[in-house]
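Novice: This is the structure, below, for whatever I ask next.
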Amino acid sequence: MGTRELVFGALLVALALVIPLAFGGFLGVVVPPFSATLASHVPVMISMLLGPWTAVLVGLGSALGFLVKLGPVIAARAAMHAVFAGAGAVLVKRGLPFWKALAWTLPVHAFTEALIVLPFGFTLERAGIVVGLGTALHHLVDAVIALAVVRAVGLAQRSLGKTS
Numbered sequence: 047m048g049t050r051e052l053v054f055g056a057l058l059v060a061l062a063l064v065i066p067l068a069f070g071g072f073l074g075v076v077v078p079p080f081s082a083t084l085a086s087h088v089p090v091m092i093s094m095l096l097g098p099w100t101a102v103l104v105g106l107g108s109a110l111g112f113l114v115k116l117g118p119v120i121a122a123r124a125a126m127h128a129v130f131a132g133a134g135a136v137l138v139k140r141g142l143p144f145w146k147a148l149a150w151t152l153p154v155h156a157f158t159e160a161l162i163v164l165p166f167g168f169t170l171e172r173a174g175i176v177v178g179l180g181t182a183l184h185h186l187v188d189a190v191i192a193l194a195v196v197r198a199v200g201l202a203q204r205s206l207g208k209t210s
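Counting in the numbering used here, the sequence shown runs from 47 upward without gaps.
Right under this line is the structure:
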């Protein structure tokens, strides 16, 4: 990870922290163990364009924001952002278009978030239906937002100075 990726990653971590802390109240929906804060995945998803290590860093930063705001169960789920973002960044690095990487990481994201709540005493049914399905729908909405942001600022073409 170079200096440029680190700086962009730090900015995305800051955004990932601000979204749940400042906007979680009115952009959020909570149905334990599921919660959804609109646009909370957007910094993590955009970080996939910067490389695997940057994506993992932003995913872990996102978890910190949710730990402060919503506690350990939601933070554990948010820590799974590092998993799906790291996987998505590898796909992007291998040449897969950003939108396809977002589509391929949806089941990884939903499965890992559903799986991580099981040690906290939630049933397989509650984890699978409430968290898994809820995460999949939330991933879709935030993917649309991330694609719009990337297109609006031209990140897909520039992607840190690289042309595609």
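For every residue, glycine included, the Cβ atom is placed at its ideal position computed from N, Cα and C.
If you're wondering where the values come from, they're calculated on a predicted model, not measured in any experiment.
Taking F69 as the reference, give the member of V59, F80, A85 and A149 with the closest Cα.
Specialist: Stepping through the sequence shown from its first residue, residue 69 is reached at position 23. It is A85 whose Cα lies nearest to the Cα of F69.
Novice: Can at least three beta-carbon pairs, one atom from the region 91-105 and one from the region 128-135, be found at a separation below 8 Å?
Specialist: Judged by Cβ distances under 8 Å, the region 91-105 makes contact with the region 128-135, as three or more pairs qualify.
Novice: Assuming contact is defined by CB atoms lying nearer than 9 Å, are L113 and A124 in contact in what I supplied?
Specialist: One-based indexing of the sequence shown puts residue 113 at position 67. One-based indexing of the sequence shown puts residue 124 at position 78. For L113 and A124, yes; Cβs fall inside 9 Å.
Novice: Using the Cα positions of F166 and M47, report the straight-line distance between them to the nearest angstrom.
Specialist: Here residue 166 corresponds to residue number 120 of the sequence shown, with the count starting at 1. Here residue 47 corresponds to residue number 1 of the sequence shown, with the count starting at 1. Looking at the two C-alpha atoms, the distance is approximately 34 Å.
Novice: Only counting runs of 3 or more residues, tell me where the beta strand (DSSP E) segments fall wholly within the region 77-164, in order along the chain.
Specialist: Segments of the beta strand (DSSP E) lying fully in the region 77-164: 80-83.
Novice: Just the C-alpha distance for F54 and R140, rounded to the nearest angstrom, thanks.
Specialist: For this step, residue 54 is matched to residue 8 along the sequence shown. For this step, residue 140 is matched to residue 94 along the sequence shown. Each residue's Cα considered, the two are about 20 Å apart.
Novice: Helix, strand or coil, according to DSSP, for G74 in the structure here?
Specialist: Within the sequence shown, numbered from 1, the residue matching residue 74 stands at position 28. Of the three classes helix, strand and coil, the one that applies to G74 here is strand, per DSSP.
Novice: Would you report the Cα separation of L148 and M91, rounded to the nearest angstrom?
Specialist: One-based indexing of the sequence shown puts residue 148 at position 102. One-based indexing of the sequence shown puts residue 91 at position 45. Those two C-alpha atoms are separated by around 7 Å.
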